[in-house]
Amino acid sequence: LLMWDPPRVSYNKNRLLTGPKGCGKSALVFQFAARTGREVLRYSCHERTEFADLLGGMSILPDGSTAFQDGPLTLAMRRGSIFMLDEVNAARPGTLIGLNGVLDGAESITLPSGEVVKRHPEFRVAVTGNSLVRDESASAFRGTGAMNSAFLDRFFVIEKDYLPEHLESKLIITYLSAKLGDPMLNPNGIPVPADLPVQIVKF
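Take this note's numbering: the final residue in the sequence shown is number 1372, and no numbers are missing along the way.
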């Protein structure tokens, strides 16, 4: 991920994070952004997602007039933010074709209003998805499809998984110990039950 951190480096290939539900794909992007002082603009895909949703559209302003309002992709390109497309394989494949130019490093995008938005040098794209291939794991994620190879070739893939049981248990012990160490929350000084974190992780 640090290879992806502007302005220290110019390596800007898109990131694709894949792994099971709840393993921290999106959280990893947010943590990276928080630790490097970046903004994340997130869009969660669904079967009715259209490329136009990412660009933006006409909106009614408080005074009754109308104006074009930037979508998350447009805003990210303007500001040099990280654009995160969540659950990308929930979108219809045809929707993603419009993204190809952006993923290939296009220097600008043209909005329906005719405005040309230049690509900020610190703009980055991160994508998350569960089942990216049609194998036995795909059945666990109804409503999602596999990504075609041309789409996947535009990404550097990071495969995530759940933490090992002992590390996750250690995190829970650390968290609970900090909370129970607060006399306002735990006036009787009750310690963390030794087997509770392991039971939580197994559950």
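Positions of the beta carbon are idealized from the N, C-alpha and C atoms, including for glycine.
These numbers were taken from a predicted model, which means no experiment stands behind them.
- Taking Asp1322 as the reference, give the member of Ala1260, Asp1174, Asn1183, Ile1278 with the closest Cα. Distance from the Cα of Asp1322 is smallest, within the candidate group Ala1260, Asp1174, Asn1183, Ile1278, for Asn1183.
- Query: Taking the C-alpha atoms as reference points, what is the distance between Phe1356 and Lys1348?
  - Reply: A small fix is needed here, since residue 1356 is Pro in this sequence, not Phe. If I take the Cα positions, the gap works out to 11 Å.
- Just the Cα atoms here: how many angstroms apart are Met1246 and Glu1276? Between Met1246 and Glu1276, the C-alpha separation is close to 10 Å.
- Task: Please determine, among His1215, Ile1359, Ser1346, Pro1189, the residue with the shortest C-alpha to C-alpha distance to Lys1329.
- Result: Cα-wise, what sits closest to Lys1329 is Pro1189.
- State the CB to CB distance for the pair Leu1280 and Phe1237, rounded to an integer number of angstroms; the pair is presumed to be in contact (CB under 8 Å). Between Leu1280 and Phe1237 a beta carbon distance of about 7 Å is seen, short of the 8 Å cut, so the two are scored as contacting.
- Of all the options Val1326, Lys1339, Thr1187, Thr1297, which has the alpha carbon lying nearest to the alpha carbon of Tyr1212? Check the Cα spacing between Tyr1212 and each of Val1326, Lys1339, Thr1187, Thr1297: the tightest is with Thr1297.
- Task: Return the chain-ordered list of same chain residues with a C-beta closer than 6 Å to the C-beta of Ile1229, the five sequence neighbours on each side being excluded.
- Result: Closer than 6 Å at the Cβ level, and outside the excluded window around Ile1229, lie Thr1235.
- Task: Under 8 Å by Cβ, that's how I've got Glu1256 and Cys1214 pegged, so tell me the actual separation to the nearest angstrom.
- Result: Correct: roughly 5 Å between the Cβ atoms.
- DSSP state of Tyr1212 mapped onto helix, strand, coil: Here Tyr1212 sits in strand by DSSP.
- Message: Between the alpha carbons of Val1285 and Ile1278, how many angstroms are there, rounded?
- Response: Going by the C-alpha atoms only, they are around 6 Å apart.
- Query: According to DSSP, is Thr1218 helix, strand or coil?
  - Reply: Correct three-state label for Thr1218: coil.
- Could you tell me which uninterrupted alpha helix (DSSP H) segments, each at least 4 residues in length, are contained entirely in the segment 1223-1263, listed from first to last along the chain? Runs of the alpha helix (DSSP H) spanning 4 or more residues and lying entirely within the segment 1223-1263 occur at 1241-1248, in chain order.
- Message: Can you look up Glu1334 in the DSSP assignment and give me helix, strand or coil?
- Response: Residue state, collapsed to three classes: helix.
- Nearest to Arg1207 by CA position, among Ala1221, Arg1217, Thr1218, Trp1173, is which residue? Measuring from the Cα of Arg1207, the nearest candidate turns out to be Trp1173.
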